[in-house]
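**Q**
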């Protein structure tokens, strides 16, 4: 009975993590450019019992000889899905969206670890007065994080703005009354191995802290698009990308996982009842 309980509780713990992941996807169904995560399960250690030593008595058997008993299941991988979300037109000059799946904007984020560069696909940008000079405007995200250019520097705009345009290759051009036109190249990276990125909340992604332990480098995970490589950028102005979460699929997955959770809980209850019966035998 102890084996049954251990197997069930091992799986229950992992199923709870799956429920948390689905809940997070559902909560972000309306988050701009949010990328869902999906998980896959693998069996834990499985033991095989050769209860039938005579192969002659197993003729015609379709399954592998012996009895196999597992110790539960675990989440083997939680992967970011970069599938393109639907584009919705806003006709707002500072709303931009990628039309390729692997592209991300670079932004500067200040947190407990200091000032770090993070990635986001949320292209709802705004202008915020600079703390050093209120007459200068910083290009920021909806959360107030500074948008970086291709050199990793914040984009700072001076003068009274008449018009802002963003080209398909990520060139932001600002026309001001005092200084005329000035252009900035938005910082963009191409992510090749999204499974190594950490989800940091706030629609932000970052590089893992233990890259050496994972056997990868920053260049393995992503590539900064600068110089001639900027031809790979594909941006549209006046639109925003919707979340790629399919609510109906997430609800179906949630129901299925809840049923699995119910079955494992029932297994614990039955094992406990059987133990009680055995202990009650006189």
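In my numbering, the protein residues as written are 63 to 344. We treat Cβ as the ideally placed atom computed from N, Cα and C, and that holds for glycine. Small disclaimer: the values here were computed from a predicted structure and weren't measured.
Does residue 301 get closer than 7 Å to chain D when you measure Cβ to Cβ?
**A** Absent from the structure: chain D. Only one protein chain is present.
**Q** Between the beta-carbon of residue 252 and the beta-carbon of residue 142, is there less than 7 Å?
**A** Residue numbering aside, residue 252 sits at position 190 when the chain shown is read from its first letter. Residue numbering aside, residue 142 sits at position 80 when the chain shown is read from its first letter. No, the pair does not count as a contact, with Cβ atoms beyond the cut-off.
**Q** So residue 302 and residue 94 are in contact, right, with Cβ under 8 Å, and what is the actual spacing, rounded?
**A** Here residue 302 is taken as the residue at index 240 of the chain shown, counted from 1. Here residue 94 is taken as the residue at index 32 of the chain shown, counted from 1. Right, their Cβ atoms sit about 5 Å apart.
**Q** Given a cut-off of 7 Å, decide if residue 158 and residue 307 are closer than it, judged by their beta-carbon atoms.
**A** Locating residue 307 in the chain shown gives position 245, counting from the first residue. Locating residue 158 in the chain shown gives position 96, counting from the first residue. It is not a contact, given that the beta carbons lie outside the stated cut-off.
**Q** So residue 207 and residue 171 are supposed to be a Cβ contact under 8 Å. How far apart are they, rounded?
**A** Within the chain shown, residue 207 is the residue found at index 145, counting from 1. Within the chain shown, residue 171 is the residue found at index 109, counting from 1. That pair is a contact at about 5 Å.
**Q** Going by DSSP, what residue range makes up the alpha helix (DSSP H) through residue 331?
**A** Your numbering for residue 331 matches position 269 in the chain shown. Counting along the chain, the alpha helix (DSSP H) containing residue 331 begins and ends at 309 to 341.
**Q** Please classify residue 180: is it buried, with 16 or more other beta-carbons within 10 angstroms of its beta-carbon, or exposed?
**A** Residue numbering aside, residue 180 sits at position 118 when the chain shown is read from its first letter. So residue 180 counts as buried.
**Q** Just reading off the alpha helix (DSSP H) that residue 82 is part of, what are its end residues?
**A** Position 20 of the chain shown, counting from 1, holds the residue named residue 82. First-last of the alpha helix (DSSP H) with residue 82: 64 to 89.
**Q** Just how far apart, CA to CA, sit residue 216 and residue 185?
**A** Position 154 of the chain shown, counted from the first residue, corresponds to residue 216. Position 123 of the chain shown, counted from the first residue, corresponds to residue 185. About 15 Å.
**Q** Check each candidate in 320, 323, 312, 279 and name the one with the smallest Cα separation from residue 84.
**A** The residue given as residue 84 occupies position 22 in the chain shown. For the residues 320, 323, 312, 279, the minimum Cα distance to residue 84 belongs to 312.
**Q** Anyone know if the C-beta pair for residue 169 and residue 182 falls short of 7 Å?
**A** Here residue 169 refers to the residue found at position 107 of the chain shown. Here residue 182 refers to the residue found at position 120 of the chain shown. Taking 7 Å as the Cβ cut-off, residue 169 and residue 182 qualify as a contacting pair.
**Q** Comparing alpha-carbon positions, which option in 326, 284, 150 lies nearest residue 29?
**A** Since the first and last residues shown for the chain are 63 and 344, residue 29 lies out of range.
**Q** Which of the three DSSP states is assigned to residue 283 in this structure?
**A** Mapped onto the chain shown, residue 283 falls at position 221. Residue state, collapsed to three classes: helix.
**Q** Suppose the cutoff is 8 Å on Cβ atoms and the five residues either side in sequence are ignored; what does the same chain contact list for residue 88 look like?
**A** Taking the chain shown and counting its residues from 1, the one referred to as residue 88 is at position 26. Taken in chain order, the residues that qualify are 307, 309, 312, 313, 316.
**Q** What are the boundary residues of the beta strand (DSSP E) that residue 180 is part of?
**A** Stepping through the chain shown from its first residue, residue 180 is reached at position 118. It spans 176 to 182 - the beta strand (DSSP E) in which residue 180 sits, taken as one unbroken run.
**Q** Taking the CB atoms as reference points, tell me whether residue 265 and residue 96 lie closer together than 7 Å.
**A** What you label residue 265 is simply residue 203 of the chain shown in a count that begins at 1. What you label residue 96 is simply residue 34 of the chain shown in a count that begins at 1. It is a contact, given that the beta carbons lie within the stated cut-off.
**Q** I think residue 77 touches residue 330, with their Cβ atoms under 8 Å apart; what is that distance to the nearest whole Å?
**A** As a first step, residue 77 is located in the chain shown; it is residue number 15 there, counting from the start. As a first step, residue 330 is located in the chain shown; it is residue number 268 there, counting from the start. Not quite, the Cβ-Cβ distance comes to about 13 Å (not below 8 Å), so this is no contact.
**Q** Compute the beta-carbon to beta-carbon distance between residue 262 and residue 270, rounded to the nearest angstrom, for a pair I have assumed lies under 8 Å.
**A** As a working mapping, residue 262 is identified with position 200 in the chain shown. As a working mapping, residue 270 is identified with position 208 in the chain shown. Not confirmed; about 11 Å, so no contact.
**Q** In the DSSP assignment, find the alpha helix (DSSP H) that holds residue 275 and state where it starts and stops.
**A** Position 213 of the chain shown holds residue 275. Where residue 275 is concerned, the enclosing alpha helix (DSSP H) stretches over 273 to 276.
**Q** So residue 268 is in the beta strand (DSSP E); what residue range does that whole segment cover?
**A** Stepping through the chain shown from its first residue, residue 268 is reached at position 206. Per DSSP, residue 268 belongs to the beta strand (DSSP E) from 266 to 268.
**Q** Considering only C-alpha positions, which residue in the set 230, 196, 65 is nearest to residue 294?
**A** Translated into positions along the chain shown, residue 294 becomes position 232. The candidate whose alpha carbon is nearest that of residue 294 is 230.
**Q** Would you kindly work out how many angstroms separate the C-alpha atoms of residue 339 and residue 75, rounded to a whole number?
**A** The count along the chain shown starts at 1 and reaches residue 339 at position 277. The count along the chain shown starts at 1 and reaches residue 75 at position 13. Answer to the nearest angstrom: the Cα atoms are 27 Å apart.
**Q** For residue 260, which residues in the same chain have their Cβ closer than 6 Å to its Cβ, ignoring the five residues on either side in sequence?
**A** Indexing the chain shown from 1 puts residue 260 at position 198. Closer than 6 Å at the Cβ level, and outside the excluded window around residue 260, lie 268, 270.
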